[in-house]
């Protein structure tokens, strides 16, 4: 099973909340948190099995587009150890909890 990191960047908090809601409902992924990047941009990040992350990002993109603007999406398969150190072990800026798994 290949691990992947998935991201959906939206304009506005409402679109990002719709994205993350759909992302964690559709697949068993771990919500890493979100990052406010300025100019109303918010990036939501999840990790998990490559296929689950792909389905999750697709669902999040569709949901966010219904209420706002999706700026970009990305999936990084088998992230480098340095990326893992940043996102998997450190608390993501803005998040209250990290590593919240869908039950």
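In the numbering used here, the protein residues as written are 3 to 105. Heads up, the beta-carbon is just placed ideally off N, CA and C, and yes, glycines get one too.
Beta-carbon contacts of residue i that lie in its chain and below 6 Å, excluding the five residues immediately before and after
i: residue 75; result: 10, 59 and 63
i: residue 51; result: 3
DSSP beta-bridge partners of residue i
i: residue 45; result: 11 and 37
i: residue 63; result: Answer by DSSP bridge pairing: none, since residue 63 is not bridged.
i: residue 23; result: Answer is none; residue 23 lacks a bridge partner.
Burial state of residue i, where buried means 16 or more other Cβ atoms lie within 10 Å
i: residue 92; result: Caution is warranted here: a pLDDT of 43 is assigned to residue 92, below 50, making its placement in the model unreliable, and the coordinate value is therefore given only provisionally. By the 10 Å Cβ count, residue 92 comes out exposed.
i: residue 47; result: buried
i: residue 22; result: buried
Cut-off 8 Å between Cβ atoms - residues of its own chain near residue i, not counting five sequence neighbours on either side
i: residue 68; result: 20
Alpha carbon of residue i to alpha carbon of residue j, nearest angstrom
i: residue 12; j: residue 82; result: 25 Å
i: residue 54; j: residue 28; result: 8 Å
i: residue 65; j: residue 84; result: 31 Å
i: residue 42; j: residue 35; result: 16 Å
Residues near residue i in its chain [Cβ-Cβ closer than 7 Å; skip 5 each side]
i: residue 80; result: 4 and 5
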